[in-house]
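Student: Have a look at the structure that comes next, please.
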């Protein structure tokens, strides 16, 4: 469920990036790279926490 939510935000942000890129390509690329790194980190943490939650005590 969380991944779906993150993907939704990602698509939303992608559209905003496209608009941004249309008037400032460098800024658009910078934003996109920074956001993708952040998104990857969030996904890694999500899976890490899920794995921890599933691990038997």
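Residue numbers (the numbering used here): 554 to 610. We put the CB at the ideal spot given by N, CA and C, even for glycine.
#1: Return the residue from the list 599, 584, 600 that minimises the CA-CA distance to residue 567.
#2: Consult DSSP for residue 578 and reduce its assignment to one of helix, strand or coil.
#3: If you draw a straight line from the C-alpha of residue 604 to the C-alpha of residue 589, how long is it?
#4: Per DSSP, what kind of secondary structure is residue 607 in: helix, strand or coil?
Tutor: On the basis of the supplied data:
#1: 584
#2: helix
#3: 22 Å
#4: helix
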